[in-house]
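Chemist:
Protein chains in written order, with my numbering: chain E, 2 to 439; chain V, 45 to 294.
1) In chain V, which residues lie with their C-beta within 7 Å of the C-beta of residue 386 of chain E?
2) For residue 119 of chain V, which residues in the same chain have their Cβ closer than 7 Å to its Cβ, ignoring the five residues on either side in sequence?
3) Using the beta-carbon of each residue, which ones in chain E are nearer than 8 Å to residue 61 of chain V?
4) Thinking C-alpha only, which one of E:300, E:108, E:305, E:320 is nearest residue 312 of chain E?
5) DSSP three-state call for residue 237 of chain E: helix, strand or coil?
6) Looking at the structure shown, is residue 357 of chain E part of a helix, part of a strand, or coil, going by DSSP?
7) Of the residues E:91, E:67, E:140, E:99, which one's Cα is nearest the Cα of residue 46 of chain E?
8) Specify the secondary structure class of residue 327 of chain V as computed by DSSP and reduced to three states.
9) Beta carbons nearer than 9 Å to chain E: which residues of the stretch 120–141 of chain V have them?
10) Return the CA-CA distance between residue 188 of chain V and residue 220 of chain E, expressed in angstroms with no decimal places.
11) Should residue 407 of chain E be flagged as near chain V, meaning a C-beta pair shorter than 9 Å?
12) Just to check my reading of the structure: residue 186 of chain V and residue 142 of chain V have Cβ atoms closer than 8 Å, yes? What is that Cβ distance to the nearest angstrom?
13) Ends of the alpha helix (DSSP H) at residue 24 of chain E?
14) Using a Cβ cut-off of 9 Å, which residues of the stretch 249–271 of chain E contact any Cβ in chain V, in chain order?
15) Starting from the beta carbon of residue 150 of chain V, find every residue of chain E whose beta carbon is closer than 7 Å, and list them in chain order.
16) In chain E, what lies closer than 7 Å to residue 277 of chain V by C-beta?
17) Could you check whether residue 205 of chain E and residue 154 of chain E sit closer than 9 Å to each other, using their CB atoms as the reference points?
18) Does the beta carbon of residue 401 of chain E sit closer than 9 Å to a beta carbon anywhere in chain V?
19) Suppose contacts are defined by Cβ-Cβ distances below 9 Å. Is residue 423 of chain E in contact with residue 261 of chain E by that definition?
20) Reducing DSSP to helix, strand and coil, say where residue 115 of chain V ends up.
21) Report the start-end ranges of each beta strand (DSSP E) in the stretch 188–246 of chain V that is 3 residues or longer and not cut off at the edges.
22) Output, in chain order, the set of chain V residues within a Cβ distance shorter than 8 Å of residue 404 of chain E.
23) Of all the beta strand (DSSP E) runs that stay within the bounds of the stretch 147–213 of chain E, which reach a length of 3 or more residues?
24) In terms of alpha-carbon separation, which member of V:171, V:207, V:145 lies closest to residue 160 of chain V?
25) Is the number of C-beta pairs between the stretch 162–177 of chain V and the stretch 401–414 of chain E that are closer than 8 Å three or more?
26) Should residue 169 of chain E be listed as close to the ligand ATP, given that the test is whether its C-beta is under 8 Å from any heavy atom?
27) On a CA-only basis, which of V:52, V:205, V:281 is nearest residue 173 of chain V? Give me that one, please.
28) Who does residue 378 of chain E pair with in a DSSP beta bridge?
29) Helix or strand or just coil, what does DSSP make of residue 440 of chain E?
30) Under 9 Å, Cβ to Cβ, is there at least one residue of chain E near residue 202 of chain V?
31) For residue 149 of chain V, which option in V:104, V:257, V:117, V:113 has the closest C-alpha, if you only look at C-alpha atoms?
32) Quick one: is residue 195 of chain E near chain V, going by C-beta distance under 9 Å?
33) What does residue 395 of chain E touch in chain V if you count any residue whose Cβ is under 9 Å from its own?
34) What do you reckon, are the CB atoms on residue 9 of chain E and residue 36 of chain E nearer than 9 Å?
35) What in chain E is Cβ-close to residue 146 of chain V, meaning under 9 Å?
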């Protein structure tokens, strides 16, 4: 049985365990129908031209983990940003781990989707927001919606800010030979609220993991949301991350994506600006080796006047790794005075690595500022000689140039410990010790 | 200190250095002058280990050790320093962090521990004051947006920090106004001592009024065609290089 059939037929079993009268269930039923009709995207779809899911569909993934596994904190501590105090929402093989988590209902709700679905106190929020930003058309998003049951639920009421940042961690133990995970996150920051969130997926063994994640983020008027995605997973872990962001007047949402490891990563990052004076920031650092593959598909939809968007993606590709950057910007006719900026710079370290970079601008307004730039090159040999002539060995000099290349993406990271952590991951990846933090 | 014998170097099959002979003793300052395209910068970069050039015949010995097989960083660890004619801009790396890394990598190569932070700061303060460099300047990205003069002053700051045995200054005077020239020359003169040597590459005699050389060599078409004392520089300033080309052609 191929993966699509298996998923569709599993839906009945999935329905056994949930409340069929819940208003959300109709969404799930519609979603599975859409997935059944469309199936997995293939290379025939323009948006999936450079990323193939065929290999993954041949693997016999378990869709529901058979057993609950407990982990000791000390064994997984290194995957947390443990240097600072944070709220934690932790899942082990897709199942919530209360032991590893630290949630709260103190003025803000930092808890679970399963609670939000089931408890009456969250009913209204679910009705207003759930599946309202996510695509009802895109098949993998539909697949996730159909099986949506668990994930992080974060609700920050008007004028509130959680006392500390939030970490969402998905751990895969390898108890299943191959495991498919479909976390569903809902994040709502009401007017003038502020929140900082970090998300990480981590497989603890070499067993195959395929995560198809959907995150919806709603930012109210003047709200500020910082979302950091740390993608540094095992070489047998694949991730399709579908993130949908809906912003109101004068809100600021910044998403940083650090793609530093994994087998196949596809990021579908979609911003919808539903108000004026909105600021959307999309930044990414991608550093790959071996046969790794990362595909960034971004969309910024400017639907109202006087808004800004900033995109800055840096990629370094070694060995036989491949990268894709597809940045789509839509400016509606009424969205005058839009300021949309897009930059994608890439360095290829080997003859076998490739990057496909494509800006896609659809502009229907006539008084806008839209700029985009894309570069693909090698490390600057002159700069390398300059550094080496000062006594910095070749390997370190290369690393320093790569740091320098990616530096402006890290500048806007607002959690210093996270910045230091990313620096460390990069340094480890490059096999060097840097005498300083950038 | 440095002994270059019959050095030939080429890039993309084009021979640029055609048999250079040069001996520099510890404590000496040598000036190398010559017209554009005579091979001055190539000589400087070949000594520093630029791999773009293919060294054919000849040898470069530093304190009795053949440099041929050594990488640029290994040469730096042995005390070779090149002040670049066109320093490269490196956004994202501050001058201070760059110097820390450079000094500690050199120390590591010599089996030493990292320089203690306090000592490093003291040294940075001392050397930047000597070259009248603003502290704010040191936290800026290396050479990014620096004026021509600032880049050159920054090169000499790096030299002062690294305290090389052999410093090669490639047209350090270009882009400097007269005040900056004095400050830079003062920095270079502070390094002068019985244990190290300096090679000054320049077009003009102007710099040599401040960094007085013991010997002056004229490079033309890949060869040293004339050597003399500091008076030769004055003669070149007066007569230009054409008479030497003619002399060499005979």
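Even for Gly, the Cβ is constructed at its ideal location relative to N, Cα and C.
Modeler: Judging by the given coordinates:
1) 94, 116
2) 92, 93, 111
3) The premise fails here: residue 61 of chain V is roughly 18 Å from chain E at the closest Cβ pair, so nothing lies under 8 Å.
4) E:300
5) coil
6) strand
7) Minimum Cα distance to residue 46 of chain E is reached at E:140.
8) Because chain V spans 45 through 294 in this model, residue 327 of chain V falls outside it and cannot be assessed.
9) Cβ contacts with chain E come from 120, 121, 124, 125, 126, 128, 130, 131, 132, 133, 134, 135, 136, 137, 138, 140, 141.
10) For residue 188 of chain V and residue 220 of chain E, the gap between their C-alpha atoms comes out near 37 Å.
11) yes
12) That pair is a contact at about 5 Å.
13) No alpha helix (DSSP H) holds residue 24 of chain E; DSSP gives it neither H nor E.
14) none
15) 392
16) Going along chain E, no residue has its Cβ under 7 Å from residue 277 of chain V, so there is no contact; the nearest lies around 27 Å.
17) no
18) yes
19) yes
20) Reduced to three states, the DSSP call for residue 115 of chain V is coil.
21) DSSP runs (the beta strand (DSSP E)) wholly in the stretch 188–246 of chain V: 210–214, 241–245.
22) 136, 137
23) 153–157, 167–173, 179–182, 185–190, 195–204
24) Minimum Cα distance to residue 160 of chain V is reached at V:145.
25) no
26) This structure lacks the ligand ATP; in fact it carries no ligand of any kind.
27) Taking residue 173 of chain V as reference, the option from V:52, V:205, V:281 with the minimal CA-CA separation is V:205.
28) Answer by DSSP bridge pairing, in chain order: E:348.
29) Lying outside 2 to 439, the shown extent of chain E, residue 440 of chain E is not represented and no answer is given.
30) yes
31) Residue V:117 is the option with its Cα nearest to residue 149 of chain V.
32) Not closer than 9 Å to any Cβ of chain V, the Cβ of residue 195 of chain E fails to qualify, so no.
33) 115, 116, 117
34) Taking 9 Å as the Cβ cut-off, residue 9 of chain E and residue 36 of chain E qualify as a contacting pair.
35) 388, 391, 392, 393
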